[in-house]
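In the numbering used here, the protein residues as written are 15 to 100.
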């Protein structure tokens, strides 16, 4: 099996475990961690894909998305977050 395909398989497993653990309040925090590691692995596998192009554009998009998320974390109260997302 190709290492990139193996990474995507592990990503799917991490997301499934994360979603399963998020179903109960006592394990929800660890579920977010599991799914977060899955997302990190997915991004790394995508960047390592042979022939990956437009790397500067991807990095710009990551920077802009991070800036918007940082702004939302600073400016929006946690109780207003569902309205902002909707």
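Even glycine gets a Cβ: it sits at the ideal position worked out from N, Cα and C. It should be emphasised that the depicted structure is a prediction, and the values quoted were computed from it without experimental measurement.
For residue 48, the first and last residue of its enclosing alpha helix (DSSP H): Taken as a continuous stretch (DSSP letters only), the alpha helix (DSSP H) holding residue 48 covers 42 to 61.
Interface flag, residue 61 vs chain C, CB-CB below 8 Å: The structure shown contains no chain C; it holds only a single protein chain.
Residue 21 to residue 56 span [Cα, whole Å]: Taken atom to atom, the span from the alpha-carbon of residue 21 to that of residue 56 is near 7 Å.
Close-in-space but distant-in-sequence residues of the same chain around residue 59 (CB under 8 Å, 5 per side omitted): Within the same chain, 18, 21, 22 and 25 come within 8 Å of residue 59 by CB-CB distance, once the 5 residues on both sides are set aside.
Same chain only: Cβ atoms within 6 Å of residue 49, ignoring 5 sequence neighbours per side: In chain order, 29 and 32 place their CB closer than 6 Å to the CB of residue 49, counting only its own chain and leaving out the 5 sequence neighbours on each side.
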